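Under my numbering, think of the first position of the sequence shown as 3, with each following residue one higher.
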Amino acid sequence: MSTFAFYFVRGNLSISADERHAIQLDAKEKEFVLAEMRSLLLFINGILKGLHEDDMTAVSKAAKSAGMGLWPSMHHLYLW
Numbered sequence: 003m004s005t006f007a008f009y010f011v012r013g014n015l016s017i018s019a020d021e022r023h024a025i026q027l028d029a030k031e032k033e034f035v036l037a038e039m040r041s042l043l044l045f046i047n048g049i050l051k052g053l054h055e056d057d058m059t060a061v062s063k064a065a066k067s068a069g070m071g072l073w074p075s076m077h078h079l080y081l082w
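Following this line, the structure appears as structure tokens:
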């Protein structure tokens, strides 16, 4: 139980020479993180484009798509 608790709380980390922490992910976890990052960049791009064009409806739509709005496009990647 203590081993499980250690990895659940701390995870599988390695520390680099400049003291950054690298989280070790398996292939499925890595794909999930990268897919989420790509989606968030698309939302940010939509928000910035809407702001540039002074289109607050587009900004609102892009912002609402992020966060919990991201669930419909990402639920198949969740690990459970």
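Backbone N, C-alpha and C define an ideal beta-carbon position, used for all residues, glycine too.
If you're wondering where the values come from, they're calculated on a predicted model, not measured in any experiment.
- In the three-state reduction of the DSSP assignment, Ala19 falls in the coil class, being assigned neither a helical nor a strand state.
- Counting C-beta pairs closer than 8 Å gives fewer than three between the segment 11–31 and the segment 44–52, which falls short of the contact rule.
- Boundaries of the alpha helix (DSSP H) around Asn47: Ala29 to His54.
- Annotation for Ala64: the continuous alpha helix (DSSP H) segment containing it runs Met58 to Ser67.
- Separation of Asn14 and Phe34 (C-alpha to C-alpha, rounded to the nearest whole angstrom) is 17 Å.
- Setting aside the 5 residues that flank it on each side, Ser16 is surrounded in the same chain by Ala24, each with a C-beta closer than 6 Å to its C-beta; the list follows chain order.
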